[in-house]
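Notes follow once the structure below has been shown.
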Amino acid sequence: MRTIEIVAKNLKFYRQQRGLTQEELASKAYTSASYISRIERMVANPSIESLDSIAMALGLSPAELFRIDEVDILPEQYDEFRHLRGISSTMEPWRKSLFLRVVSSTLNALRDWKPVEEPEKTEQE
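See below:
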């Protein structure tokens with residue numbers, strides 16, 4: 056994945072997670088909504104200064120806009136994974152710990168789970 060694509064996806068994800076429109080984020084970051092849109096569409100090549108202002112407006116460190124998830128997931132699962140990560144990032148520490156334990160236990164159970172095959176239907180059925 057190219058760097059601009061990573062920044063675009065992260066910017067859009069965090070903006071939406073915080074319930075901000077492009078206009079609202081632009082106002083907080085002292086830039087224009089069209090510029091935010093162009094970054095999200097990978098048309099604009101933002102400066103470090105712009106990314107710093109945008110990250111600050113989102114309550115992030117600039118590095119988080121460049122973050123690549125280290126988990127190997129399918130492209131169609133990317134948004135769901137990011138959503139879960141976003142939810143957990145806003146939780147109180149004790150809730151986050153519980154959330155991660157539940158997710159971990161569920162994933163471990165699913166890893167070992169073997170589906171029960173349905174019996175084949177006969178012609179009489």
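Taking my numbering, I'd label the letters of the sequence shown as residues 56 to 180.
Glycine included, every Cβ here is placed at the ideal spot set by N, Cα and C.
Worksheet item: Helix, strand or coil: which one does DSSP assign to Ala81?
Response: Locating residue 81 in the sequence shown gives position 26, where the first residue counts as 1. Looking at Ala81 - three-state DSSP - the assignment turns out to be helix.
Fill in: Residue from Ser82, Ala63 and Leu115 whose Cα sits closest to the Cα of Arg93
Position 38 of the sequence shown holds residue 93. The shortest Cα separation from Arg93 among Ser82, Ala63 and Leu115 belongs to Ala63.
Discussion item. Helix, strand or coil, according to DSSP, for Thr58 in the structure here?
Written reply: Here residue 58 refers to the residue found at position 3 when the sequence shown is read from its first residue. Three-state DSSP puts Thr58 in a helix.
Worksheet item: When the Cβ atoms of the region 132-139 are set against those of the region 93-102, are three or more pairs found closer than 8 angstroms?
Response: no
Item to complete: Would you kindly work out how many angstroms separate the C-alpha atoms of Ile59 and Ser160, rounded to a whole number?
Response: Taking the first residue of the sequence shown as position 1, residue 59 is located at position 4. Taking the first residue of the sequence shown as position 1, residue 160 is located at position 105. Each residue's alpha carbon lies about 35 angstroms from the other.
Worksheet item: Would DSSP call Lys151 helix, strand or coil?
Response: Mapped onto the sequence shown, residue 151 falls at position 96. If DSSP states are grouped into helix, strand and coil, Lys151 belongs with the helices.
Worksheet item: Near Asn65, what residues of its chain come up, given a Cβ to Cβ distance below 8 angstroms and the 5 sequence neighbours on each side ignored?
Response: Along the sequence shown, one-based indexing puts residue 65 at 10. Excluding positions up to five away in sequence, the list reads Glu119, Leu120, Phe121 and Arg122.
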